[in-house]
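Take a look at the structure below.
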Amino acid sequence: MPVIQVKKVVAICFLEAAKLCLEHIASYRLELSQKGVPGQPDLPRFYGDTRRLRDYLQRCVSACPDLVELDLSPPDQALLVACCRRAVESIDARVGGDHIVPADEREWLLKKRQVIADWAVELAAKPLIELPVPRISTIQGEATRTLTTRLQNKVFGDVNLRAKILPPRSSVSSMTAGLPTMDDVTVDPPAEPPPPPPAAIAPIAEPAPAALPPPLFDENKVRDPRLRALAAVDLRTYQRALAAQDYRLSTIMLASLLEAALIDHCIPRRAELALPGTPDTWQPQELLARVMAENFQPKDNAQTYHLFASRNLLRPALQMVVPMVVTIASFERMRDFVLRALHAMGYASAAGPTPEDEPALWPASSQPTVLD
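Every number in the numbering used here is 891 more than the matching position in the sequence shown, counting from 1.
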């Protein structure tokens, strides 16, 4: 996708729209968990993708003084359009409801709504996605309906040129309303393919991809819904990085998964462990040693330090001063240590290896991991 250059005020509107959608998705997931109702299977993925989009927009806004360059992939661009639609709907509910809005604030909200709507149409492309959260209001505002019509006209063509217009089949608004379905289209049966020539040579079968090892982490055991969603995203990233033999990114994901399990393990034991403040103020190295107790060996101090310091691999400024390289041997030692820590806290996957099944994973003569 080509780089999109926008003014900083427009990028800030994008950022606020992404933040709004992230808050709505998080609130909806919390509401479902409190009711004990299973949510949609795509809800954690949408939460992770929206959080990643918000972080990217925040970095772009903070790095550029006047003009902001956005390099968005097609899925991220479609998600940004969905966030803009949600922001327009939120502004509609704010200015069109029973709330009393001052005149100057109302004028500012209307200008902001127009800017977001225009850019949503500019960035719109197939497919138009829907966020898996309920509508803000049961009655759509005028601006929301106008934006929906503009998006449909751009993506699907003018309504007058469509073959047939169908009424919506449910009360839920959909971006595909008005398009013919498979039941309404007559399709001729495909013609039989011609027989292959007598001397045709069968294609050589592609070798099957190597099977991934069993997962180390079971995100379903995480009790906190926010940590569970983050762990699910990080686990998929870890599996993809491991399949691509990217041991640098795999090590960073190992540290993230271990920290998520450690925080979830310690939250219900705050009084027992005497943990004040919020989890971001806790010291993960010391806390992990206390939690593992007799399972924490003296040589694990070096492993813990290097593991939680692996996030510096994403900081080029530190890599220029103190370069670090992750080797296959160092990654395997870190993975074995993380597996042992997850088993000690009860978060290891039942399908993964265990210390009893593979005692060679933890040889007594192993040396501390060193990231050269």
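For glycine and all other residues, C-beta sits at the position ideal for the given N, C-alpha and C.
Counting pairs of beta carbons, one from the stretch 939 to 950 and one from the stretch 1010 to 1021, are three or more of them closer than 8 Å?
no
For I982, which of helix, strand or coil comes out of DSSP?
helix
Contact belief for I1158 with L1204 at Cβ below 8 Å, rounded distance in angstroms:
Rounded, the Cβ-Cβ distance is 28 Å, inconsistent with contact.
Within 10 angstroms of its Cβ, does S1147 collect 16 or more other Cβ (buried), or is it exposed?
buried
Whole angstroms is fine: what's the gap from R977's alpha carbon to F1047's?
20 Å
Candidates L1022, P1018 and G927: which alpha carbon is nearest C912's?
L1022
Are there 16 or more other CB atoms within 10 angstroms of the CB of L970, so buried, or fewer, so exposed?
buried
Tell me where the alpha helix (DSSP H) around K910 begins and ends.
K899 to K926
Give me the Cβ distance between A1152 and L1121, rounded to the nearest whole Å; I'm assuming they're in contact under 8 Å.
Contact doesn't hold; Cβ gap of about 11 Å is too wide.
Would you call S1061 buried or exposed, if buried means 16 or more other Cβ atoms sit within 10 Å of its Cβ?
Interpretation of S1061 is limited by its pLDDT of 42, a score under 50 that renders its predicted location unreliable; the figure taken from the coordinates is listed afterwards. By the 10 Å Cβ count, S1061 comes out exposed.
Who does F1108 pair with in a DSSP beta bridge?
A1239
Could you give the distance in angstroms between the alpha-carbon of R1206 and the alpha-carbon of Q1031?
45 Å
Evaluate Y1196 with the Cβ neighbour count: other Cβ atoms within 10 Å of its Cβ, from every protein chain shown; 16 or more gives buried, anything less gives exposed.
exposed
Please state whether the Cβ-Cβ distance between A1008 and L1038 is less than 7 Å.
yes
Could you tell me which residues DSSP pairs with Q896 in its beta bridges?
E960
How big is the Cα-Cα spacing for R1139 and D946?
21 Å
Expressed to the nearest angstrom, what Euclidean distance is found between the alpha-carbon atoms of K897 and K910?
Inspection of the sequence shows that residue 897 is occupied by Val rather than by Lys. Distance between the alpha carbons of V897 and K910: 19 Å.
Select from V1124, L906 and Q1194 the residue whose C-alpha is nearest the C-alpha of F937.
V1124
Does DSSP classify A1277 as helix, strand or coil?
Since the first and last residues shown for the chain are 892 and 1263, residue 1277 lies out of range.
What would DSSP say about K1190, mapped onto helix, strand or coil?
coil
Going straight from the alpha carbon of V894 to that of P965, what length do you get?
12 Å
Helix, strand or coil, according to DSSP, for Q1174 in the structure here?
coil
Cβ of F1228 within 7 Å of Cβ of Q1194?
yes
Stretch pair the stretch 1229 to 1241 + the stretch 1173 to 1187: three plus CB contacts closer than 8 Å:
yes
Does the Cβ-Cβ distance between L1001 and L948 come in under 7 Å?
no
Could you check whether A902 and V952 sit closer than 7 Å to each other, using their CB atoms as the reference points?
yes
Would you mind sorting E980 into buried or exposed? The rule is 16 or more other CB atoms within 10 Å of its CB.
buried
Answer with buried or exposed for V900, where buried requires no fewer than 16 other C-beta atoms within 10 angstroms of its C-beta.
exposed
Excluding five sequence neighbours on each side, which residues of the same chain lie with their C-beta closer than 8 Å to the C-beta of L1042?
V972, R976, A1011, V1012, A1015, L1019 and M1066
Roughly how many angstroms separate the alpha carbons of A1239 and P956, rounded to a whole number?
46 Å
Give the secondary structure of R1026 by DSSP, where H, G and I count as helix, E and B as strand, and everything else as coil.
coil
Hey, quick one: how far does the alpha helix (DSSP H) through Q1043 stretch, first residue to last?
E1033 to F1047
Leaving out five residues before and five after R1004 in sequence, what residues of the same chain have Cβ atoms less than 7 Å from its Cβ?
V979, I982 and A1034
Let me confirm a value: I991 is counted as buried when at least 16 other C-beta atoms fall within 10 Å, else exposed. Which label applies?
exposed
CA nearest to the CA of M1225, picked from Q1210, A917, E998 and K1190:
K1190
Spatially closest choice to C974 from Q925, V928, I1027 and R1131, by CA coordinates
I1027
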